[in-house]
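Line order of the protein sequences matches chains A and B.
Under the working numbering, think of the first position of the first sequence as 1, with each following residue one higher.
Under the working numbering, think of the first position of the second sequence as 1, with each following residue one higher.
The C-beta atom is built at its ideal place from N, Cα and C for all residues, glycine as well.
To start, the structure itself, in structure tokens.
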Amino acid sequence: MSYRILIVDDSRAMRLFVRRVVELSGFDASSCIEASNGAEALSVLESEWVDAILTDINMPVMDGEEFLRRLSANDLLRSIPAIVISTDGTGSRMERLLSLGARGYVVKPFAPEDLRLELERTLEVVHD
Amino acid sequence: MTEQLSEALRQSMEEVLEKMFFVRALEEPPEPALSPARGLLARLSFEGDPSGRLTLHISEEAARSISADFLGKDEWEVTAEEIGEVICELANMICGSILSRVESGASFRLGPPRLEESSPDEPAAEEGCVIHRTAVGQGTLTVALQTETPVWTTAARSAY
């Protein structure tokens, strides 16, 4: 499946792990783009179009909440589905991020299958 | 509440190891070593309800082994820098998982994990501290959690 996916996480190890899961899920990992925080991701999105965003929340410079706010405030970027990947599985945090425009939420730790299903649901992937 | 926190710590370590590192934790934790193996020590603090700090110690061989599993590399390919990043992420995930189990309804904020390389010291049990140790491959993983305020799980709170 050829989709461009932006992975936003300040942990290089976590970005590599997510990229592996994306690849194992049948997506083309070579078309993944990476950013280490929200500000860097917005900069990437000025010149690159992506089909989905996988973003952490707790990041330096610009955290995931502010990143989601900026996406929602942008007429063009708000159409890109964003899935939050976070260690925070509290109901209040999930509600807040979904209200900010996140289309999905995956709590760490997650099984690779969980992320695959969330990506496919968000991208409305149809299997033959 | 200490029992519930201790159980949350055990469950979180098992879940993180199994789901993200594809490692099954041993049901019977090993006895503490008289001379702890050299390893990595990661610390992070958290704010919320409760606030506190988490200390993680992992032996060098276990750290290399699970880092390779996490990154999808052979053990000889993994650099010291990558191992440090993975161990910080491990501490981050275990702490987040514990707090998600015991949270009061409000969310929490994790501080950045700090790594102390080649520390021979395992976390020592202090007052108000819960600790869990498990075997990982040929090595050992030990995590200690200390909270500054009493912990009330969501279930316990709703009973009042």
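- The beta carbon of V23 of chain B sits no closer than 8 angstroms to any beta carbon of chain A.
- Residues of the same chain with a CB within less than 8 angstroms of the CB of I33 of chain A, apart from the 5 flanking positions on each side, are R4, I5, L6, I7, V44, E48, V50 in chain order.
- As a beta-bridge residue in DSSP terms, Q146 of chain B pairs with B:R53, B:C129.
- Taking a Cβ-Cβ threshold of 9 angstroms, the residues of chain A close to L110 of chain B are N58, T87, D88, in chain order.
- Counting C-beta atoms within 10 angstroms of its own C-beta, T2 of chain B has fewer than 16 neighbours from the protein chains shown and is therefore classed as exposed.
- L76 of chain A has its alpha-carbon roughly 42 angstroms from the corresponding atom of E14 of chain B.
- In this structure the stretch 84-97 of chain B touches the stretch 42-57 of chain B; the number of beta carbon pairs closer than 8 angstroms is three or more.
- Here V16 of chain B is buried. Its C-beta has 16 or more other C-beta atoms within 10 Å.
- The beta carbon of G104 of chain A is closer than 6 angstroms to those of I83, E118, T122 in its chain, skipping five residues each way along the sequence.
- One thing to note: I80 of chain A has its Cβ no nearer than 8 angstroms to the Cβ of L54 of chain A.
- Remark: C-beta atoms of E65 of chain A and L100 of chain A approach each other more closely than 8 angstroms.
- Contact residues of the stretch 17-28 of chain A toward chain B are F17, R20 (C-beta to C-beta distance below 8 angstroms).
- A Cβ-Cβ distance of about 4 angstroms is found for the pair T147 of chain B and G52 of chain B, placing them in contact under the 8 angstroms criterion.
- Listed as beta-bridge partners of F46 of chain B by DSSP are B:G52, B:L110.
- In the three-state scheme derived from DSSP, where H, G and I count as helix and E and B as strand, T55 of chain A is classed as strand.
- Beta-bridge annotation (DSSP): T140 of chain B is paired with B:A135.
- The residues L56, I87, C88, A91, P113, L115, in chain order, have a CB closer than 6 angstroms to that of A42 of chain B in the same chain once the five nearest residues on each side in sequence are set aside.
- With a beta-carbon spacing of about 2 angstroms, T87 of chain A and G96 of chain B fall inside the 8 angstroms limit used to define contacts.
- Contact with chain A is absent for M13 of chain B, since none of that chain's Cβ atoms lies less than 8 angstroms from the residue's Cβ.
- When the five nearest sequence neighbours on each side are left out, the beta carbons in the same chain lying within less than 8 angstroms of the beta carbon of V21 of chain A are those of P112, L115, R116, in order along the chain.
- Just measuring C-alpha positions, the residue of A:N74, A:F67, A:P60 sitting nearest D10 of chain A is A:P60.
- For A13 of chain A, the nearest beta carbon of chain B is closer than 8 angstroms to its own beta carbon.
- Flagged as an interface residue toward chain A: A106 of chain B, by a C-beta distance shorter than 8 angstroms.
- For A111 of chain A, the nearest CB of chain B lies under 8 angstroms from its own CB, placing it at the interface with that chain.
- At least 8 angstroms separates the beta-carbon of T142 of chain B from that of A62 of chain B.
- The beta carbon of V8 of chain A sits no closer than 8 angstroms to any beta carbon of chain B.
- Looking at the DSSP output, G101 of chain A sits in no beta bridge, so it has no partner there.
- The beta-carbon of V136 of chain B is placed no less than 8 angstroms from the nearest beta-carbon of chain A.
- Beta bridge pairing from DSSP links G26 of chain A with no other residue.
- At a cut-off of 8 angstroms between beta-carbon atoms, S51 of chain B makes no contact with chain A.
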